[in-house]
Amino acid sequence: MFQRVHHLSVLLPLLLLLFCTPNTIAAVPHRNPVATNSSDNGVGVAEGGGVVETRPYHHHHHHLQHFPSQWQNGTIDSTGIDNSLTEKDGKFLFTVVQFPNILCGSGINSGTCFTRTECLVKGGTIIDSCALGYGVCCQVKVTSCGGDITVNNTIVTNAEYDNTFNEGRNCVFKVQFDDTTNEICQIRYEFIDFDFVAPETTGVCSTDKLVFEDDRKSQYFCGKAPANYHWYVETAGTTSPQSFSISTDGTTSYNRKYAIRVTTIPCMQEVPTYCGQYYDGTSGQISSFNYGNGAYLAGLMYSICFQKEDGYCTYTLKKTSDNQFIGAPDMLRLPMGEGIAVEANPAAAGSAIICAIAIIQITAMYSTIPQCFYPSTMTSNNREAAFYVTINTLVDGNDNRNPVDTTAAGFQFDWETNTC
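Just so you know, the sequence shown maps onto residues -26 to -1, 1 to 394 in mature numbering (1 follows the signal peptide of the UniProt record, and there is no 0).
Okay, structure coming up:
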C-alpha cells in the first residue's frame, strides 16, 4: 500500500499533464479552493467556456461531474467532490477546473474572471477573487485619451478619474475583436459614471459629445447619465474594430468625467436589434438620458426592452412624478397598450403625428398645447418574446418651431412585470 502511494506521488505531475488541457487548472482533492487565489494557478481558460469537473484516477476509468450553476451563485458544497471515491479505497482523486471568463464585481469595481497569469499577461489589476477562489477578478482600464480596447469588460475613464477635467479633448477608442472567437454581434456600453455639458434646449449636443460609430439608434450623447444606464450598439457580426469617440469643448468651463464599461455580446446572446436598452428581472426604473439635468437628447430612435420572464405576461409603467413629461413632439410608444387616453383632435394641436391608443407624447417642448394626454399608469398586454417601449425624438433638434419651454426633461418610469 505504501509503495503504491509512493508511485502515485511520483507520477502526479505526469497525470496532471495527461488530464489537464492548456485551458484547465488542476488541484489535489482536499485543497481549499479559496486558498488558490494566493498563488499562480497556471495557464488560462479560453474566452467564454468551462465548467467544474471532478476527475478521479482509477484504472483508466474517468468519471465527470458538472456544476455550471455553481459559478453563478458563488458557492459550492461538498457535492462538488465525489466522496464515493476515497483514499481509503486506494483510489486517487483530483479536480480539474474550467471556469467561464464572465463579468465579476459591479460598477467601477468590476472586471473579468481570469486566472492570475492571464490577468497579468493582459495588463490587468487583481481586485478580488472569483470562480470560488480558482480565479481572480481582473480589471483592465484604458485611461488614455483614445486607444485600443482588446479585453472584454474593459473600463474606459478619463485619466483623472474619479476626479474631473476641464479642458478640450478629442479621443477615439477602437474596440478590437479576436478573429479566433465566435462572431460578436453587439457591444454593450455601461455608463458607470458620465457627466458632460448638457445639450441645448433643442436637444442637440453642440459642446461635448460621445458618439458611437455606425449606431443607427443614436446620434450622440451628452449631459448626465442616469443610474444604471446602458446602450447596445450593433456590430453586424464583423471582426473589424468598432469605434467610439469623446470630444469636449475647451472654451466652455465645466467639470467633466466619464467611466464606461465595454462588453462584447456574442451573436448567440444578442438582444433584439431595435433595443437600445435591455432589462431583465421583474421590476426597476428607466429614465431618459440626462433626465433631471436639462434638455432631452435629440436624434434618438430606439426601444427600451424588458426580458419576458417565465410566468409573466404583461408589464406596467408608472410615471414617477406628475410633471415629468416635458418635451413634445417626441413620443413614447407602448405596444398593444391599455388605458391610454387619446387626444381628441391631435392635428389641431399642431402635431403631424396621429395619436393612437398605443402612443403618448411628451408635452410642451415646442408648444404650450399638449399633444397627447397620458394617465399615471399604463399596462401593456403585449405577449411577445420581449416587452418594449419605443422612443423617437427629433432627428437633429431643428423642426422650424420656436422653442417656448427650455425645461425639457424627458421621462422616468417605474416598471414591473405582471404574472399571467
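Where a beta carbon is used, it is the ideal one built from N, C-alpha and C, also for glycine.
{"Check": "Sequence-distant residues of its chain with Cβ nearer than 6 angstroms to residue 164 (five each side left out)", "Outcome": "204 and 235"}
{"Check": "Residue(s) in a DSSP beta bridge with residue 109", "Outcome": "104"}
{"Check": "Cβ-based neighbour list, residue 228, same chain, cut-off 6 angstroms, excluding 5 preceding and 5 following", "Outcome": "171"}
{"Check": "Residue environment, residue 182, which counts as buried when at least 16 other CB atoms sit within 10 Å", "Outcome": "buried"}
{"Check": "Limits of the alpha helix (DSSP H) - the one that residue 90 falls within", "Outcome": "90 to 95"}
{"Check": "Status (buried if at least 16 other CB within 10 Å, exposed otherwise) for residue 241", "Outcome": "exposed"}
{"Check": "Selected residue, minimal CA-CA separation from residue 281, among 249, 274, 271 and 77", "Outcome": "249"}
{"Check": "Simplified DSSP state of residue 216, which is helix, strand or coil", "Outcome": "strand"}
{"Check": "Residues bridged to residue 82 (per DSSP)", "Outcome": "Bridge partners of residue 82: none, in fact."}
{"Check": "Short CB-CB distance (under 8 angstroms) between residue 253 and chain D", "Outcome": "Absence of chain D from the displayed structure is noted, only one protein chain being present."}
{"Check": "Contacts around residue 207, its chain only, beta-carbon distance under 6 angstroms, and the 5 residues preceding and following it disregarded", "Outcome": "161, 186 and 189"}
{"Check": "Euclidean distance between Cα positions of residue 108 and residue 91", "Outcome": "12 angstroms"}
{"Check": "Contact set for residue 138: own chain, Cβ-Cβ below 7 angstroms, skip 5 residues either direction", "Outcome": "229, 230 and 231"}
{"Check": "Helix, strand or coil at residue 259 [DSSP, three-state]", "Outcome": "strand"}
{"Check": "Buried versus exposed call for residue 141 [16 or more other C-beta atoms within 10 Å across all chains shown]", "Outcome": "exposed"}
{"Check": "C-beta atoms of residue 78 and residue 111 nearer than 8 angstroms", "Outcome": "yes"}
{"Check": "Between the CA atoms of residue 116 and residue 124 - distance to the nearest angstrom", "Outcome": "10 angstroms"}
{"Check": "Backbone CA spacing between residue 349 and residue 75 [nearest angstrom]", "Outcome": "Here the model assigns residue 349 a pLDDT of 46, short of 50, so the residue's position is not dependable, and the following value carries that caveat. Computed Cα separation, rounded: 45 angstroms."}
{"Check": "Residue 209 versus residue 95 - alpha carbon distance", "Outcome": "27 angstroms"}
{"Check": "Residue 276 and residue 256 closer than 8 angstroms at C-beta", "Outcome": "no"}
{"Check": "Sequence-distant residues of its chain with Cβ nearer than 7 angstroms to residue 398 (five each side left out)", "Outcome": "The structure shown does not extend to residue 398, since the chain is modelled only from -26 to 394, so the question has no answer here."}
{"Check": "Residue 85 vs residue 97 beta-carbon contact at 8 angstroms", "Outcome": "no"}
{"Check": "Where residue 160 falls: helix, strand or coil (DSSP)", "Outcome": "strand"}
{"Check": "Contact set for residue 4: own chain, Cβ-Cβ below 7 angstroms, skip 5 residues either direction", "Outcome": "Note that residue 4 has pLDDT 36, beneath the 50 cutoff, so the model's placement of it is unreliable and the number below is only indicative. Excluding sequence neighbours, residue 4 sits near nothing in its chain."}
{"Check": "One or two residues paired with residue 248 in a DSSP bridge", "Outcome": "Answer by DSSP bridge pairing: none, since residue 248 is not bridged."}
{"Check": "Close-in-space but distant-in-sequence residues of the same chain around residue 388 (CB under 7 angstroms, 5 per side omitted)", "Outcome": "259, 292 and 294"}
{"Check": "Terminal residues of the beta strand (DSSP E) in which residue 121 lies", "Outcome": "121 to 123"}
{"Check": "Cα-Cα separation between residue 12 and residue 158, rounded to whole angstroms", "Outcome": "Note that residue 12 scores a pLDDT of 33, beneath 50, so its modelled location is shaky; the value from the coordinates is reported in the next line. Their backbone Cα atoms lie some 34 angstroms apart in a straight line."}
{"Check": "Cβ distance (whole Å) where residue 390 is taken to contact residue 252 below 8 angstroms", "Outcome": "Between residue 252 and residue 390 the Cβ distance is about 16 angstroms, and since that is not below 8 angstroms, they are no contact."}
{"Check": "Option in 136, 168 and 283 with minimal Cα separation from residue 202", "Outcome": "168"}
{"Check": "For residue 219 and residue 263, the rounded distance between their alpha carbons", "Outcome": "18 angstroms"}
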